[in-house]
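Okay, so the sequence shown: first residue is 24 according to my numbering, each after it adds one.
Reviewing the structure listed below.
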Amino acid sequence: MLTAMAPTKLASRIAFVVLAILVTIGLAALVSWSFAGYLTSSVLISLLSGFSFCE
């Protein structure tokens with residue numbers, strides 16, 4: 024059961040839930056890419072170092 028919250032507290036709670044959902048989706052995408060074989064160690068290093076795929 025939801026209780027009444029102050030509008031700022033409600034907005035921060037919604038923002039936190041949305042952020043948690045986005046992080047979960049991002050982690051699920053990374054895991055699925057790694058299992059599919061698209062996310063190799065060199066691609067991961069390229070992603071972390073600024074999206075430079077060509078050397």
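The beta-carbon is built from N, C-alpha and C at its ideal position, and this holds for glycine as well.
So residue i and residue j are supposed to be a Cβ contact under 8 Å. How far apart are they, rounded?
i: residue 62; j: residue 71; result: Between residue 71 and residue 62 the Cβ distance is about 11 Å, and since that is not below 8 Å, they are no contact.
Taking just the CA atoms, how far does residue j sit from residue i?
i: residue 67; j: residue 46; result: 17 Å
i: residue 36; j: residue 48; result: 18 Å
i: residue 73; j: residue 32; result: 35 Å
i: residue 51; j: residue 34; result: 26 Å
i: residue 41; j: residue 55; result: 21 Å
i: residue 38; j: residue 44; result: 10 Å
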